[in-house]
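Below is one structure, written out as structure tokens; the observations come after it.
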Amino acid sequence: MPTSRLLIIDDHALFRCGLRLVLQAALPHTSIAEAASLEDAMRLDDGQPPGMVLLDIQLGGLNGIDGMSVLARKWPQVPVIILSADDTDETVREATRRGAAAFVSKAATAEHILKVLLEVAGRGHAMAAPAVESDDTGKPQFTPRQYEVLGLLSQGLTNKAIGRRLNLSENTIRGHVQAILLALDVDNRAEAAFAARRRGLVS
Numbered sequence: 001m002p003t004s005r006l007l008i009i010d011d012h013a014l015f016r017c018g019l020r021l022v023l024q025a026a027l028p029h030t031s032i033a034e035a036a037s038l039e040d041a042m043r044l045d046d047g048q049p050p051g052m053v054l055l056d057i058q059l060g061g062l063n064g065i066d067g068m069s070v071l072a073r074k075w076p077q078v079p080v081i082i083l084s085a086d087d088t089d090e091t092v093r094e095a096t097r098r099g100a101a102a103f104v105s106k107a108a109t110a111e112h113i114l115k116v117l118l119e120v121a122g123r124g125h126a127m128a129a130p131a132v133e134s135d136d137t138g139k140p141q142f143t144p145r146q147y148e149v150l151g152l153l154s155q156g157l158t159n160k161a162i163g164r165r166l167n168l169s170e171n172t173i174r175g176h177v178q179a180i181l182l183a184l185d186v187d188n189r190a191e192a193a194f195a196a197r198r199r200g201l202v203s
């Protein structure tokens with residue numbers, strides 16, 4: 001893994017400890033530091049910036065979204081992965097706007113969190129769904145209908161609402177959503193919306 005130093009900023013000690021143990025087992029040569037708040041993280045600085053930051057949103061003191069600007073000023077080249085239980089469309093959109101390298105729901109599996117971390121570090125490779133081809137740059141080439149579904153999904157619409165908008169059955173929409181999740185190599189709709197915006201697939 002390119003980065004040998006990770007910083008986890010999360011005010012839930014149990015989650016923080018569990019994540020650290022998982023990452024240490026998977027990345028034995030990586031140094032992992034922990035902080036319960038952004039203020040604590042700033043005090044951990046020893047002159048060597050972390051290679052990556054895993055940041056919760058709901059923190060005591062300065063919250064993670066607002067704190068991204070603090071991290072960017074201190075460590076401008078360090079990617080920040082938002083790892084939060086708040087995966088609403090509004091939150092994902094704001095994290096994207098603030099420059100997050102990725103957004104992962106806390107409901108995701110440890111394996112998925114690790115996969116995203118490796119991808120951000122430059123070691124992962126997204127897997128496209130068989131029904132979705134990729135161009136030479138690796139960007140998924142969705143069908144026109146899938147682009148419509150992705151756009152509405154990114155606006156926070158449910159499968160039922162998307163079906164009504166496009167005059168399609170909910171089961172049909174569910175199939176399109178599943179293909180989109182597989183093509184973007186994500187676990188849920190919030191991560192799909194984030195990935196789509198980061199890759200310029202939706203505005």
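Just so we're aligned, residue 1 is where the sequence shown starts under full-length UniProt numbering, counting upward by one. Virtual Cβ for every residue (Gly too), placed ideally from N, Cα, C. Keep in mind it's a predicted model, so treat the numbers as computed, not measured.
Take aspartate 86, set aside five residues on each side of it, and the residues of its chain with a beta-carbon closer than 7 Å to its own are Ile57, Gln58, in chain order.
Per DSSP, valine 80 is not a residue of any alpha helix (DSSP H); the beta strand (DSSP E) it occupies stretches across 80–84. Taking 8 Å as the cut-off, the beta carbon of alanine 26 is found closer than this to the beta carbon of leucine 114. Distance from alanine 33 to leucine 44 at the Cβ level is roughly 6 Å; contact confirmed, criterion being Cβ atoms closer than 8 Å. Within the same chain, Cβ atoms closer than 8 Å to the Cβ of glycine 60 are found at Asp11, Ala36, Ser37, the five residues on either side in sequence being excluded.
Spanning the alpha carbons of serine 84 and phenylalanine 103 requires a straight line of approximately 8 Å. Separation of alanine 179 and asparagine 171 (C-alpha to C-alpha, rounded to the nearest whole angstrom) is 13 Å. Look at arginine 5 here: in three-state DSSP terms it is strand.
With fewer than 16 neighbouring CB atoms inside 10 Å of its own CB, alanine 107 falls in the exposed class. For valine 186, no beta strand (DSSP E) run applies, since DSSP gives it neither H nor E. For leucine 55, the enclosing beta strand (DSSP E) has its first and last residue at 52–55.
Going by DSSP, serine 105 is part of the beta strand (DSSP E) stretching over 102–105. Looking at the DSSP output, isoleucine 32 sits in a beta bridge with Leu6. Closest by C-alpha distance to valine 120, out of Ala100, Thr109, Ser105, Arg145, is Ala100.
For asparagine 159, the enclosing alpha helix (DSSP H) starts and ends at 159–166.
Beyond the five residues adjoining it in sequence on each side, lysine 160 comes within less than 7 Å, by CB distance, of Glu170 in the same chain, given in chain order. For glycine 18, the uninterrupted alpha helix (DSSP H) run begins and ends at 13–26, by DSSP.
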